[in-house]
């Protein structure tokens, strides 16, 4: 599976956001993220997660919604993308 180049710059942003969130949540990270991951796994069957995460980052930058909520969505999405990439290897 080849990915478009824009995914790589996007991934850098995603990883930075996830790192921040992990630092903020500490040991609660997995508990808080898992339900979101589960929902995203369902969505990912119908729509590419990268598109969803791109839209989420746009909203985050536009400050349209609560940061922690969007950051949680982004972090969970990144986790799910990494899971699927590992299964495809």
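In this note's numbering, the protein residues as written are 15 to 103. Even glycine gets a Cβ: it sits at the ideal position worked out from N, Cα and C.
The three-state secondary structure of residue 49, taken from DSSP, is helix. The distance from the Cβ of residue 50 to that of residue 92 is about 11 Å, inconsistent with a contact at the 8 Å cut-off.
Put simply, of 94, 37, 24, 39 the residue whose alpha carbon is nearest the alpha carbon of residue 52 is 94. Taking the Cα positions, residue 48 is about 7 Å away from residue 90. Residues of the same chain with their beta carbon placed closer than 7 Å to that of residue 72 are lacking, with the five preceding and five following residues left out of the count. Residues 84, 87, 88 of the same chain have their beta carbon placed closer than 6 Å to that of residue 70, with the five preceding and five following residues left out of the count.
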